[in-house]
Structures are given as C-alpha cells and as structure tokens.
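Asks:
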Amino acid sequence: MTDEENRPVRRRITLTGISSRAWEHPADRGALTALRELRGFDDVVKTFFGMWNERGFRLQFLAGAIRVDHRQYPRVYQRFTEAATTLDVVELPELYVSQDPIINGSAIGLDKPFIVITTGALERLDDDELRAMLGHEIGHVRSGHAVYKTIMMILTRWAANLSWLPVGAIALRAIIAAMFEWWRKAELSADRAGLLAGQDPAASTRLLMKLAGGGDLSQIDTAAFLEQAAEYESGGDLRDSIHKIGMTAWSTHPFPVARANELRKWVDSGAYAEILGGDYPRRDSDGDASVTDDVKAAANSYRETFNNSQDPLVGLLRKLGDGAADLAGSAARGARGWMGDASRRNRQDDEGN
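To convert, take the position in the sequence shown, counting from 1, and add 6; that gives this note's numbering.
1. Can you tell me whether glycine 204 is helix, strand or coil according to DSSP?
2. DSSP beta-bridge partners for tyrosine 102?
3. Please state the DSSP three-state secondary structure of serine 112.
4. For tyrosine 238, tell me which candidate among Gln225, Ser296, Pro262 has the shortest Cα-Cα distance.
5. Just curious, the alpha helix (DSSP H) that arginine 85 is in, first and last residue?
6. Pick from Asp292, Ala203, Leu128: whose alpha carbon is nearest that of glycine 220?
7. For isoleucine 281, does the three-state DSSP call read helix, strand or coil?
8. Distance check for proline 119 and arginine 245, CA to CA, integer angstroms please.
9. I need the straight-line Cα distance from aspartate 117 to valine 153, nearest angstrom please.
10. Between the C-alpha atoms of histidine 259 and glycine 200, what's the straight-line distance to the nearest angstrom?
11. Over what stretch of residues does the alpha helix (DSSP H) that includes aspartate 274 continue unbroken?
12. Going by DSSP, what residue range makes up the alpha helix (DSSP H) through glycine 220?
13. Assuming alanine 203 and arginine 137 are in contact, meaning their beta carbons sit under 8 Å apart, how far apart are those beta carbons, in whole angstroms?
14. Just the Cα atoms here: how many angstroms apart are glycine 23 and arginine 198?
15. Is DSSP giving isoleucine 24 helix, strand or coil here?
16. Using DSSP with H/G/I as helix, E/B as strand and the rest coil, what is arginine 18?
17. Taking Cβ to Cβ, would you say leucine 38 is nearer than 8 Å to serine 210?
18. Let's see if you can read the secondary structure: which residues bound the alpha helix (DSSP H) around isoleucine 144?
19. Decide if alanine 331 is buried, meaning its Cβ has at least 16 other Cβ atoms within 10 Å, or exposed.
20. Less than 8 Å between the beta carbons of arginine 73 and tyrosine 102, yes or no?
21. What does the alpha-carbon distance come out to for the pair serine 112 and isoleucine 123?
22. What is the C-beta distance between phenylalanine 231 and alanine 192, in whole angstroms, given that I count them as a contact (C-beta under 8 Å)?
23. Looking at the secondary structure, which residues open and close the alpha helix (DSSP H) in which glutamate 30 lies?
24. Could you say which of Thr254, Asp75, Leu93 lies nearest to alanine 196 if we only look at CA atoms?
25. Please confirm whether leucine 21 and tyrosine 286 have their CB atoms less than 8 Å apart.
26. Looking only at its own chain, which residues have a Cβ that is under 6 Å from the Cβ of arginine 289, when we skip the five neighbours before and after it?
27. Among Tyr83, Ala305, Ala235, which residue has its Cα nearest to the Cα of glycine 141?
28. Among Thr298, Ser296, Leu282, Asp292, whose alpha-carbon lies nearest the alpha-carbon of arginine 17?
29. From alanine 360 to tryptophan 272, what distance separates their C-alpha atoms?
30. For the alpha helix (DSSP H) containing tyrosine 238, name the first residue and the last one.
31. So, is isoleucine 19 buried or exposed, given that buried needs 16 or more other C-beta atoms within 10 angstroms?
This is the structure in structure tokens:
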C-alpha cells in the first residue's frame, strides 16, 4: 500500500458562511479593505479591461488546456469540489489543467476568475496536497486578489507615464516594490486558505516541500525542512540579510521554506484552531469591516514582525533605534537639567538684586 492509502481519512469541517477575511494576512487584508473602499473603481477595471484580457486568457486555456469536470480529470474535480465545499464556495470557478512539468497553479481573470494548475501538480501531488493547492487558488479567487492585482498593475502603468519626471523612476520603483510586497502577503493568505480547505497541516507542509524540491519526498524530512526555514529566517550575518532583500524585493512569492515557517506560526498562534472551532468572520458581516481597524492590524503585524524578527539586519536596526531613543532621552534629560539650572541661577540672581 502507498503512504497515501495508509493515511487515515480526515473528516473536514465545513466552514459555513466563512469570509475571506478569516484567512487573509493582516497586511493583505489592510490593503484589500482600502482598495474595496474605492467604490466603483474595480467595476470600471472589470468593464474596460476584463472584456478583452479575460476573454483572451480564457480562450487561450480553452484551446490549449484541459477543462476539468466530472468527465475530465475526475480525481482533480473531486478534490476541487471538496476544497470548495469546505470553504463554503457554492459556485465553482472554471478549472483547467495546463501542460507544464513544474508544480504550479494560478487564479486568472477579473469578472469571472478561473483557476489553472499544471500537469506537474497533477502528477506529483497526492490527494491531500492537491486539495491544499486547489484551496490556495480558491482563496485567491475569494479574496479578489486577481482583480486587485490587475488594479495595481494599472496604477503602475499610470505611474510609468510620469517616469520622465526627475523623481518619476524612483516613485515607479517604490510603487512596484510596494505591489510585490502586498502580493507576497496575498500568497501567505492563500496558503492559509489552502490549509483551511484541506485541514491537514502536514499536507500543506508537504506541498511546500514539493514546491521547493520536486515531487519525491521519500528522502526528505519535514523536521529538517522546517529547520531550513528557521535558519533562513535567523541565520547568517548582515551580508545574508542584504542578499535576502535582493532575492525577495522583486518577487511575487515568498520562498517555500519561508511560507512553511509563516504557516506554522499561524497554526501555533491558535488562529487556525479558532476557525475550525467556529470562531471566524462571516461573509454577511463583510460590509461592517473597518478600514481603520484593518489598517491598524496591518501596522501592528509589521511592528510585531520587526520586533520579533531574528534577522541580523533587523536586529541591528532595532539596536540603532534603541540607541537613538536612548540618545534622544539623554539629550532631553540634559536639556531639562540645563533649563532647571538656568532657572535656579536666574532666581538666585533676582534674589541677589
């Protein structure tokens, strides 16, 4: 029997009425809530850009890929429906399998996003890993990432029109860097959605292991993989920190070991167990979401990451910040002391006169 056949069958909890806010990373959710407040803008984007782009993309896969249903790739369709049912998604997006040996998946489109996975994923992922991957892509669709990524791309193009200005190129690079940073957080959100869809942390970890090192896990150890993640986050010196910035600044996806580490942190925080226990935001309360609260949560998330990071460069910045605070405090105390001495001298002079 295979390892998959030996694994116990898990009963998954249907997360009735769950809102995408339940799995969205605070930095992702803060950006999404702010964008959703631009009422009407996303509709304009869908109308003017979706008519051509989305149709063109869909026709490309309709002509050159396999559309999944109960007749074509029924195993994939079964895992897809299971993931969607768990996340309480009634209307399934279209799903295609595209010829590509690399394990990958994507959510594409504006008005009616669809999902594409590769033959590499189909061939190398077991049922539980495949369910987690499909849940990941459903999470992208439910969060509206495809729509808002397109909006961000349009904003970037608008910024490019200002590149002839002296500060235009710098401003453009800042916008692109900010967009990539948001998209990396969106990937962490989708990883959480994938875990909720499969409700199997081991399978989600194995998926990330396969993304990092291919499909054969017979010679790979989960504990050792997570040790890699810890070493990547905290190991090395300032040179490694600078290399990591260069490696990630212009990337849409965090590295698999970093994603595994972030997913483990989320599970360890208790948030995953709370959702399985029924404590999660519902879709019918999405209209009550507060932009201010979500932006504050995003700021707190970055602050907590900065304060808890073991990265050498971040540690140096914290020390410099503490040193600057100490210096400012000493300067303030010195100024107060000087003013107090001056005040006493003035009183003494007045009394002497």
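Cβ atoms here follow ideal geometry from the backbone N, Cα and C, with glycine treated the same way.
Replies: Considering the structure as presented:
1. Three-state result, glycine 204: helix.
2. Residue pairing by DSSP places tyrosine 102 opposite Arg73, Val122 in a beta bridge.
3. Note: serine 112 maps to strand in three-state DSSP.
4. Answer by Cα proximity: Pro262.
5. Judged by DSSP secondary structure, arginine 85 falls within the alpha helix (DSSP H) whose first and last residues are 80 to 92.
6. Among Asp292, Ala203, Leu128, the Cα nearest to that of glycine 220 belongs to Leu128.
7. Isoleucine 281 carries a helical assignment under DSSP once its states are collapsed to helix, strand and coil.
8. In this structure, the CA atom of arginine 245 is about 41 Å from the CA atom of proline 119.
9. One Cα belongs to aspartate 117, the other to valine 153, and the distance between them is close to 8 Å.
10. Here the alpha carbon of histidine 259 sits roughly 15 Å from the alpha carbon of glycine 200.
11. Residues 262 to 274.
12. Counting along the chain, no alpha helix (DSSP H) covers glycine 220, and no H or E run does either.
13. About 6 Å separates the two Cβ atoms, so the contact holds.
14. Rounded to whole angstroms, glycine 23 to arginine 198 spans 17 Å at the Cα level.
15. Note: isoleucine 24 maps to strand in three-state DSSP.
16. Per DSSP, reduced to three states, the secondary structure at arginine 18 is coil, with no helix or strand assignment.
17. No, these two residues do not count as a Cβ contact at 8 Å.
18. Element bounds for isoleucine 144: 133 to 149.
19. Residue placement at alanine 331 is flagged as unreliable, the pLDDT there being 40, under the threshold of 50; the coordinate-derived value follows with that caveat. Alanine 331 comes out exposed.
20. Here arginine 73 is near tyrosine 102, since their CB atoms are less than 8 Å apart.
21. The straight-line gap from Cα to Cα measures roughly 7 Å.
22. 23 Å between Cβ atoms; not a contact.
23. Counted as a single uninterrupted DSSP element, the stretch harbouring glutamate 30 is not any alpha helix (DSSP H), since DSSP gives it neither H nor E.
24. In terms of CA proximity to alanine 196, Leu93 leads the group Thr254, Asp75, Leu93.
25. Judged by beta-carbon spacing, tyrosine 286 lies within the 8 Å limit of leucine 21, meaning their Cβ atoms are closer than that value.
26. So the qualifying residues of the chain are Gly23, Ser25.
27. The option with the nearest alpha carbon to glycine 141 is Tyr83.
28. Closest option to arginine 17, Cα to Cα, is Leu282.
29. Lying outside 7 to 359, the shown extent of the chain, residue 360 is not represented and no answer is given.
30. Per DSSP, the continuous alpha helix (DSSP H) segment holding tyrosine 238 begins and ends at 228 to 240.
31. Under this definition isoleucine 19 is an exposed residue.
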